[in-house]
Amino acid sequence: MTGKINCDKCGRYPIFYRRPYEGIVLCRRCFKDSIERKVRRTISKYKMFSPTDHIGVAVSGGKDSLTLLYILRKIEEGYPEARITALAVDEGIKGYREEALRLAESFTAKLGVNLRTISFKELYGKTMDEMVNALGLRFPCSCCGVLRRKALIELASRIGVDKIATAHNLDDEAQTVILNLIHGDPLRILMTGPTLDGGGSFIKKVKPLFLIPEKEISLYAYLTGIPFQSRSCPYASTALRNDVRAMLNLVEEKHPGTLYTIVHSAEKLRQASSKLFPKRTMRCKLCGSLSTSEICSSCKILKDI
């Protein structure tokens, strides 16, 4: 690419971004278009939505969730019978969650999207801060993630949402695959991926950003002027995911495309799961949610609260 100054797609505008895993360079316009097209293709390929769905978009105030909301809002304009509601969970993390909720409130108002909120205090009787202090949690991120997912499902059920869209990206998916192996729970890989069918009375969850690298979401948010919280959660430093993220970032930098390879390998396992692991997944005997054991993670945590 010596001497190259223009975009590989349109050939008209200066280079803004080099995409290592594809070996192409893009201008600002073509980069933004490529992200939106990839989201549309992902939605179509995995049949994530129907034209009349009430979609609950999980928003945290971070770049990923607000970018997802922005793109889905654009897509929704072409489907007059569809409806979007933003869903936020207030975990009760002092000095952190307040700013995130303010960002979510202002951005949803700007887009004309209704925002609904549920709190740990309301649902579980304690804030996350109170749980950490009361239970002496060494790894609060794991507990928080499990309870946040349960809270989202509860909120979505209350307001009649058909699908829950979360902003998990390519990096998140690859990290989760590796984390499941590290934790000695490979069967849980079968419960990851772009969609998770709730089955029966449970709400289907979808991940429209699951094939987009985190770096590209950040660039899209910057180009589009999407505001987001940059401050990290005070409990995040304890998470094993941070170490896995650092490792995968290093490998991806040296070997572009590694994240895609990990995620596609997991997808192949899921496709073969009916033959390899017939009927191994089960439902929690207490709440009925999908689980790899008789009692799901959230119910185990709630027993100790």
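Residue numbers for the sequence shown, in the working numbering: 65 to 369. Glycine residues also receive a C-beta, built at the ideal position from the N, C-alpha and C atoms. Quantities reported herein were computed from a predicted structural model and do not represent experimental measurements.
Would I69 count as contacting chain C if we go by Cβ distances under 8 Å?
Considering every chain present, this structure includes no chain C. It has just one protein chain.
Validate contact between the stretch 152 to 168 and the stretch 309 to 325 using beta carbons, cut 8 Å, 3 pairs
no
Endpoints, the beta strand (DSSP E) within which L179 is located
The continuous beta strand (DSSP E) containing L179 extends over residues 178 to 183.
Can you tell me which of the three DSSP states V196 falls into?
If DSSP states are grouped into helix, strand and coil, V196 belongs with the helices.
Expressed to the nearest angstrom, what Euclidean distance is found between the alpha-carbon atoms of S353 and D128?
26 Å
Can you check which of these residues, A150, M195, S170, is closest to F184 by C-alpha distance?
M195
Quick check on the DSSP output: the beta strand (DSSP E) that includes A152 runs from which residue to which?
147 to 154
Got a sec, what are the start and stop residues for the beta strand (DSSP E) A122 sits in?
118 to 122
Tell me Y373's beta-bridge partners as DSSP assigns them.
Because the chain here runs from 65 to 369, residue 373 falls outside it and cannot be looked at.
Within its chain, find whatever has a CB closer than 6 Å to the CB of R212; leave out the 5 residues flanking it on each side and keep chain order.
Excluding sequence positions up to five before and after R212, its CB lies within less than 6 Å of the CB of V153, all in the same chain and listed in chain order.
Please state the DSSP three-state secondary structure of M65.
Because the pLDDT at M65 is just 43, under 50, the model does not fix this residue reliably, and the point stays unresolved.
Residues that DSSP places opposite L260 in a beta bridge:
K269
Same chain only: Cβ atoms within 6 Å of T191, ignoring 5 sequence neighbours per side:
G156, F184, K185
Select from A150, Y85, R305 the residue whose C-alpha is nearest the C-alpha of V225.
A150
Using DSSP with H/G/I as helix, E/B as strand and the rest coil, what is M112?
coil
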